[in-house]
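Everything below concerns the one structure shown next.
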Amino acid sequence: MTIERLTNSKNFFLLAGPCVIEGEEMALRIAEKIVDITRKLDIPYVFKGSYRKANRSRIDSFTGIGDEKALRILRKVGETFNIPTVTDIHETHEAALAADYVDMLQIPAFLCRQTDLLVAAAKTGKIVNIKKGQFLAPDSMRYAAQKVVDAGNPNVILTERGTTFGYTDLVVDFRGIPKMQQYGFPVITDITHSLQQPNQTSGISGGLPEMIETIGKAAVAVGTDGLFIETHPEPSQAKSDATNMLPLDLLENLLTKLVRIRQAVRYPYK
Numbered sequence: 001m002t003i004e005r006l007t008n009s010k011n012f013f014l015l016a017g018p019c020v021i022e023g024e025e026m027a028l029r030i031a032e033k034i035v036d037i038t039r040k041l042d043i044p045y046v047f048k049g050s051y052r053k054a055n056r057s058r059i060d061s062f063t064g065i066g067d068e069k070a071l072r073i074l075r076k077v078g079e080t081f082n083i084p085t086v087t088d089i090h091e092t093h094e095a096a097l098a099a100d101y102v103d104m105l106q107i108p109a110f111l112c113r114q115t116d117l118l119v120a121a122a123k124t125g126k127i128v129n130i131k132k133g134q135f136l137a138p139d140s141m142r143y144a145a146q147k148v149v150d151a152g153n154p155n156v157i158l159t160e161r162g163t164t165f166g167y168t169d170l171v172v173d174f175r176g177i178p179k180m181q182q183y184g185f186p187v188i189t190d191i192t193h194s195l196q197q198p199n200q201t202s203g204i205s206g207g208l209p210e211m212i213e214t215i216g217k218a219a220v221a222v223g224t225d226g227l228f229i230e231t232h233p234e235p236s237q238a239k240s241d242a243t244n245m246l247p248l249d250l251l252e253n254l255l256t257k258l259v260r261i262r263q264a265v266r267y268p269y270k
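Residue numbers (my numbering): 1 to 270.
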């Protein structure tokens with residue numbers, strides 16, 4: 001997979017899937033549904049699933065079904081539907097391991113300044129998607145991207161996912177999308193994590209999923225190159241990020257609306 005394959009489309013591209021791999025049947029079910037939708041709407045698609053969740057609020061939170069097992073499921077999804085896949089990594093030794101199974105490595109927002117992690121991801125030769133830290137200005141992300149480039153890998157994507165607003169909320173500054181694009185890297189807008197409400201007293205992040213469409217419409221109108229959406233057949237039953245994932249049966253309607261906005265912005269009536 002190349003960045004050009006994702007960005008040469010007249011449409012935005014999409015990274016979507018469950019927060020974490022919970023099992024093979026569910027992963028294949030979600031991927032099959034999204035593949036059907038994205039092919040219908042001509043949206044370049046990358047299946048997303050975390051093979052392990054390391055950044056959990058509480059020690060008793062679900063972290064995964066086992067690294068090798070989850071990574072094999074990601075590979076099976078990719079081979080079954082002939083689509084690229086992406087997963088996140090948290091430590092340097094995970095880069096080479098995950099790269100054997102997926103096409104893109106994702107750097108979590110909290111870790112976007114970790115030089116050794118960025119360099120390890122770069123050295124795999126895979127596309128590296130760096131999520132903007134909730135604590136960083138958009139302009140600062142050029143330095144994170146440059147670490148990957150300087151390590152010999154020009155295949156970088158940046159992701160907007162909200163900025164810390166007080167202790168328990170995030171806000172999206174849509175100026176950040178063109179600001180990060182000016183450095184020559186495609187920019188994704190994560191429209192589900194941008195609606196997280198972290199640091200809740202329960203130890204479990206909250207969210208505002210009813211605002212997913214609003215954030216998505218604004219991001220496409222501003223000109224985002226791609227979208228990131230976590231989706232699940234039954235979000236309330238999900239083992240991670242249950243409070244801000246999009247129900248899978250709502251995805252097609254949402255993407256249909258967003259494609260229309262993209263067409264209107266990119267190809268205005270004359």
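Glycine is no exception: its CB is placed at the ideal position from the N, C-alpha and C atoms.
By Cβ distance, which residues of its chain are closer than 7 Å to T163, with the 5 residues on each side in sequence left out?
For the purposes of this step, residue 163 is identified with residue 163 of the sequence shown, where counting begins at 1. Same-chain partners within the cutoff: Q134, L170, V171, D173.
What does the Cβ neighbour count give for I157, buried or exposed, with the cut at 16 atoms within 10 Å?
Locating residue 157 in the sequence shown gives position 157, counting from the first residue. I157 should be labelled buried.
Roughly how many angstroms separate the alpha carbons of E32 and G78, rounded to a whole number?
Position 32 of the sequence shown, counted from the start, is the residue given in the question as residue 32. Position 78 of the sequence shown, counted from the start, is the residue given in the question as residue 78. Spanning the two alpha carbons is a distance of roughly 11 Å.
Distance cut-off 7 Å: Q197 Cβ against heavy atoms of the ligand MG:
This structure does not include the ligand MG; it has no bound ligands of any sort.
With DSSP run on the structure shown, which of helix, strand or coil describes P154?
One-based indexing of the sequence shown puts residue 154 at position 154. P154 falls in the coil class under three-state DSSP.
E91 versus L117 - alpha carbon distance
Here residue 91 is taken as the residue at index 91 of the sequence shown, counted from 1. Here residue 117 is taken as the residue at index 117 of the sequence shown, counted from 1. One C-alpha to the other measures close to 6 Å.
Between A219 and L227, which are expected to be in contact by the criterion C-beta below 8 Å, what is the C-beta distance as a whole number of angstroms?
Here residue 219 corresponds to residue number 219 of the sequence shown, with the count starting at 1. Here residue 227 corresponds to residue number 227 of the sequence shown, with the count starting at 1. The Cβ separation is near 7 Å, so the contact holds.
Top-ranked residue by Cα proximity to A95, from N129, S236, V20
Working through the sequence shown from its first residue, we reach residue 95 at position 95. The shortest C-alpha separation from A95 is found at N129.
Would N155 pass as a contact of I127 if the rule is Cβ separation under 8 Å?
Walking along the sequence shown from the start, residue 155 turns up at place 155. Walking along the sequence shown from the start, residue 127 turns up at place 127. Yes, they are a contact pair.
Indicate the three-state DSSP secondary structure (helix, strand or coil) for E91 in the structure shown.
Translated into the one-based positions of the sequence shown, residue 91 becomes position 91. In this structure, E91 counts as coil in the three-state DSSP scheme.
Which residues does DSSP pair with Y45 in a beta bridge?
Here residue 45 is taken as the residue at index 45 of the sequence shown, counted from 1. For Y45, which the question treats as bridged, DSSP gives the partners L14.
Going by C-alpha distance, which of R5, R29, F110, R39 is nearest T256?
The residue given as residue 256 occupies position 256 in the sequence shown. Answer by Cα proximity: R39.
Using the rule of at least 16 other Cβ atoms within 10 Å of the residue's Cβ for burial, across every protein chain shown, is R175 buried or exposed?
Counting from 1 along the sequence shown, the entry for residue 175 is found at position 175. The residue in question, R175, is exposed, as its Cβ has fewer than 16 Cβ neighbours within 10 Å.
Using the Cα positions of G49 and D67, report the straight-line distance between them to the nearest angstrom.
The count along the sequence shown starts at 1 and reaches residue 49 at position 49. The count along the sequence shown starts at 1 and reaches residue 67 at position 67. For G49 and D67, the distance between alpha carbons rounds to 12 Å.
By how many angstroms is the C-alpha of L15 removed from the C-alpha of I188?
In the sequence shown, residue 188 corresponds to position 188, counting from 1. In the sequence shown, residue 15 corresponds to position 15, counting from 1. If you take the alpha carbons of I188 and L15, they lie about 9 Å apart.
Following the continuous alpha helix (DSSP H) through N129, name the residue where it begins and the one where it ends.
Here residue 129 refers to the residue found at position 129 of the sequence shown. Here N129 belongs to no alpha helix (DSSP H); instead the beta strand (DSSP E) covers 127-131.
To which residues of the same chain is T124 closer than 7 Å at the C-beta, ignoring the five residues directly before and after it?
Residue numbering aside, residue 124 sits at position 124 when the sequence shown is read from its first letter. Taken in chain order, the residues that qualify are A95, A96, A99, L105.
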